[in-house]
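Below: one structure, written as structure tokens.
Numbering (the numbering used here), first residue to last: 5 to 168.
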């Protein structure tokens with residue numbers, strides 16, 4: 005039986021850091037970050053590019069599922085709408101797999117502080133703050149396990165996910 009962890013959350017909530025920790029903590033684990041499937045300059049979001057990245061994600065996740073070496077598969081993306089999650093799940097070969105869908109959340113103040121640090125480091129642009137904050141309420145409507153990351157370390161969040 006393989007475990008598939010689909011981890012969503014708004015930008016700046018800690019998805020990548022948590023998934024990198026899970027990769028080290030879970031046995032025989034592989035990690036796919038959506039950013040790796042859509043790293044372009046200029047970054048263009050339209051129906052064609054959204055469908056392309058969704059197909060890229062599903063292809064890679066299925067490759068990991070079919071590889072006997074991996075028992076744990078971790079994937080993260082913004083996934084702020086149920087239809088995004090459903091479109092991925094529909095394409096996966098889930099036989100002999102347990103899928104865990106998780107949304108990482110944090111309060112607005114924590115999110116603003118995290119994103120501001122990234123902006124100061126030159127990792128993100130200023131317009132990311134309002135876009136991310138505006139998506140916070142959308143995660144409450146998803147059919148996912150919600151984990152609040154506010155005030156928690158990466159280790160604490162990863163342990164909470166592993167305990168699922």
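Cβ atoms here follow ideal geometry from the backbone N, Cα and C, with glycine treated the same way.
Since the structure is predicted, the reported quantities are computational estimates derived from the model, not experimental observations.
Taking a contact as a CB-CB distance under 8 Å, the pair residue 43 and residue 23 does not count as one, their CB atoms being some 16 Å apart. The C-alpha of residue 47 lies about 14 Å from the C-alpha of residue 131. DSSP, reduced to helix, strand and coil, places residue 66 within a helical segment of the structure shown. Residue 91: member of the alpha helix (DSSP H) spanning 86-95, first to last residue.
Taking the Cα of residue 73 as reference, the smallest distance to any Cα among 82, 128, 33 is reached at 33. Residue environment for residue 118: buried (at least 16 other C-beta atoms within 10 angstroms of its C-beta). Within the segment 7-71, complete alpha helix (DSSP H) segments of at least 4 residues are found at 19-29, 51-70, given in chain order. Cβ-Cβ distances below 6 Å link residue 95 to 62 in the same chain, with the five nearest sequence neighbours on each side left out; the list follows chain order. Bounds of the beta strand (DSSP E) holding residue 151 are 149-152. Cβ atoms of residue 12 and residue 82 come within 8 Å of each other, at about 6 Å.
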